[in-house]
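> Encoded as structure tokens, here's the structure I'll be asking about.
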Amino acid sequence: EAGIEVDKATLNEESRGHYHDEIAGEIRKLCGYLPEDAPKLYVPHENFNRKIGAAKGQKFNVDGTSFDGSDEDWADYLHNILPRDQDEIDLEEIFKQEWIANKPMSTRQIESGIGISA
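Each residue of the sequence shown is one higher than the last, beginning at 8 in my numbering.
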């Protein structure tokens, strides 16, 4: 609108990068609640398993390094690293437990309209 040419693909990449960084930061905070000897939670590198963007269709490990192996090796890697059908079933059972206490909305939340449909 301001007469400036904008590359939407670049904007989307930038936006995804900011979102990734934000989520990775939140996961790092959650790791602070884990016992010191527990495996740490992490967010895969932005290039891992991309279906869109600059890394689309390329093979990267979860740490962002280039995957070195055959297509069969890649399929095995994904099978071992990505959630499986049983993982989704297990999560459904965990969510039924409602281990997060329902907290009534504050007056401020209600007045702001944030989370009103939650």
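From the three backbone atoms N, C-alpha and C, an ideal C-beta is built for every residue, glycine too.
Quick check: what's the CA-CA separation for residue 49 versus residue 41?
If I take the Cα positions, the gap works out to 12 angstroms.
> Using DSSP with H/G/I as helix, E/B as strand and the rest coil, what is residue 77?
The answer is coil: DSSP assigns residue 77 none of H, G, I, E or B.
> Does the separation of the CB atoms of residue 24 and residue 52 fall below 7 angstroms?
Taking 7 angstroms as the Cβ cut-off, residue 24 and residue 52 do not qualify as a contacting pair.
> Under the DSSP definition of a beta bridge, which residues are partnered with residue 67?
According to DSSP, which records beta bridges pairwise, residue 67 is partnered with 73.
> Can you tell me whether residue 104 is helix, strand or coil according to DSSP?
Note: residue 104 maps to coil in three-state DSSP.
> Quick check: what's the CA-CA separation for residue 93 versus residue 100?
Distance between the alpha carbons of residue 93 and residue 100: 11 angstroms.
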